[in-house]
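Worksheet: one structure, shown below.
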Amino acid sequence: MGLGIAYVAANVSRLPVVLMDVSPEQTERGIQFMNKLLDKDVSKSKITAEHAKGTRELVSTTNKLSDLADVDYVIEAASENLDIKCAIFRDLDAQCKPSTMLATNTSSISITKIAAATKKADQVIGMHFMNPVPVMKLVEIIPGLQTDKRVLDTTLQLAQAMGKTTTVSQDIPGFVANRLLMPYINEAMMLLESVSYIMKIRTRIGINKPAKEEKKDNHPPWPLAYRQTEKHHFLSAMWVDEGSSKAYSFFPFSLFSAFVL
Numbered sequence: 001m002g003l004g005i006a007y008v009a010a011n012v013s014r015l016p017v018v019l020m021d022v023s024p025e026q027t028e029r030g031i032q033f034m035n036k037l038l039d040k041d042v043s044k045s046k047i048t049a050e051h052a053k054g055t056r057e058l059v060s061t062t063n064k065l066s067d068l069a070d071v072d073y074v075i076e077a078a079s080e081n082l083d084i085k086c087a088i089f090r091d092l093d094a095q096c097k098p099s100t101m102l103a104t105n106t107s108s109i110s111i112t113k114i115a116a117a118t119k120k121a122d123q124v125i126g127m128h129f130m131n132p133v134p135v136m137k138l139v140e141i142i143p144g145l146q147t148d149k150r151v152l153d154t155t156l157q158l159a160q161a162m163g164k165t166t167t168v169s170q171d172i173p174g175f176v177a178n179r180l181l182m183p184y185i186n187e188a189m190m191l192l193e194s195v196s197y198i199m200k201i202r203t204r205i206g207i208n209k210p211a212k213e214e215k216k217d218n219h220p221p222w223p224l225a226y227r228q229t230e231k232h233h234f235l236s237a238m239w240v241d242e243g244s245s246k247a248y249s250f251f252p253f254s255l256f257s258a259f260v261l
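In C-alpha cells, the structure reads:
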C-alpha cells in the first residue's frame, strides 16, 4: 500500500515524496507500477500528460533510512506485524529530525504500542488507508494515548489534501473499520456454512452486479470477494460438482459436511 499512498500524495496533493522500500528491485517495481497508473489516468483523460510528468518529478526513491533525515512527515506501510513496525519506528526515531511526524498505516495494531518504541510518542499517529489507496476515499486517523493535538490536526489536513474523507478513531483493537468488518465477515461465513451458497450471498449484499452498477455504488467486495485465500479456497478444494451448473450446484464432501455444516 505504500506505493498507493505515495502516488496519491504526489498526484493529488502535489507534495514531494520519497518512496522507500527494502530493496532497489522492490523500489523499481513500485515506480513501474506508478507509471502504469499515471499512463492509465492520462489515457482516460483523468489527468493531462503534463500533470503526470509533474507527478513523476515529485517522487524520488531510496533504500536508505538516512535519506529520510530531513523529511517532515513519514507514513510507514510495512507488514502488519508489531515487531517489524516497532523496529522501523526505532530506526526512524534515530534517523529523522526531531520535528518529523511519524504515521503508521495499520488496520489493527495499537498506535500506543508502536509509539512506545520511539522517544517521541507524542509525534506518532495511525493512518489507516483503505485499499486500494488511489480508489478508496476513507482514511481512519488514530491518535495514540500520547499523540499531540498538533500531530492529529496536521494528519487530518494531510489526508484531506490527498482527497480523502477522514474519521478519527480511538486506539482500540481493530479501531472502528475492522471492528465492524470482522463480525461482517464472520456472519457471512456462518451463512455460507449453514443456510446459503456463496453466489446467493454475494447477490443479496449487492456484489454480483453488472460492472457499471457495481462501480456506481462503490460497494467494497467484502466479505466474500475480499481475501478469499481463507475459507473460500479451502471449500473450493473440497467441493464436488453435483449438477450441470458449476456456478450454483456445488456441495461439500460428506465428511466435511459432518464436521462443519
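To convert, note that position 8 of the sequence shown is 8 in UniProt numbering; the numbers rise steadily by one, no gaps.
All C-beta atoms, glycine included, are put in the ideal place defined by N, C-alpha and C.
Residue i classed as buried or exposed, judged by whether at least 16 other C-beta atoms fall within 10 angstroms
| i | result |
| --- | --- |
| Ala115 | buried |
| Leu38 | buried |
| Asn11 | buried |
| Glu187 | exposed |
| Phe33 | exposed |
| Leu180 | exposed |
| Ala121 | buried |
| Lys119 | exposed |
| Ile84 | exposed |
| Ala6 | buried |
| Ala103 | buried |
| Val168 | exposed |
| Asn105 | buried |
| Pro173 | exposed |
| Lys164 | buried |
DSSP beta-bridge partners of residue i
| i | result |
| --- | --- |
| Val22 | Answer is none; Val22 lacks a bridge partner. |
| Ile75 | Ala103 |
| Ser45 | Answer by DSSP bridge pairing: none, since Ser45 is not bridged. |
| residue 344 | Not covered by the structure: residue 344. The range shown for the chain is 1 to 261. |
| Ser60 | Val18 |
Any non-hydrogen atom of the ligand FAD within 7 angstroms of residue i CB
| i | result |
| --- | --- |
| Ala103 | Absence of the ligand FAD is noted for the structure shown, with no ligands found whatsoever. |
Beta-carbon contacts of residue i that lie in its chain and below 7 angstroms, excluding the five residues immediately before and after
| i | result |
| --- | --- |
| Leu145 | Thr112 and Asp171 |
| Ala49 | Val42 |
| Ala9 | Leu15, Val17 and Met162 |
| Ile31 | Thr61 |
Contacts around residue i, its chain only, beta-carbon distance under 6 angstroms, and the 5 residues preceding and following it disregarded
| i | result |
| --- | --- |
| Met130 | Met136 and Leu138 |
| Ala159 | Val139 and Thr166 |
| Val151 | Met101, Gln123 and Ile125 |
| Pro143 | Ile125 and Leu152 |
Chain-order list of residues whose beta-carbon lies under 8 angstroms from that of residue i (same chain, five-residue window excluded)
| i | result |
| --- | --- |
| Gln228 | Note that Gln228 has pLDDT 43, beneath the 50 cutoff, so the model's placement of it is unreliable and no number is given. |
| query | Is it a yes or a no for the stretch 126-135 touching the stretch 87-99, going by three-plus beta-carbon pairs under 8 angstroms? | reply | no
| Inside the stretch 104-176 only - alpha helix (DSSP H) runs reaching at least 4 residues | 111-115 and 149-161
| said: For the stretch 64-84 against the stretch 39-48, do three or more pairs of beta-carbon atoms, one drawn from each stretch, fall closer than 8 angstroms, so that the two count as touching? | reply: no
| task | Kindly confirm or deny that the stretch 53-64 and the stretch 6-26 touch, where touching means at least three C-beta pairs closer than 8 angstroms. | result | yes
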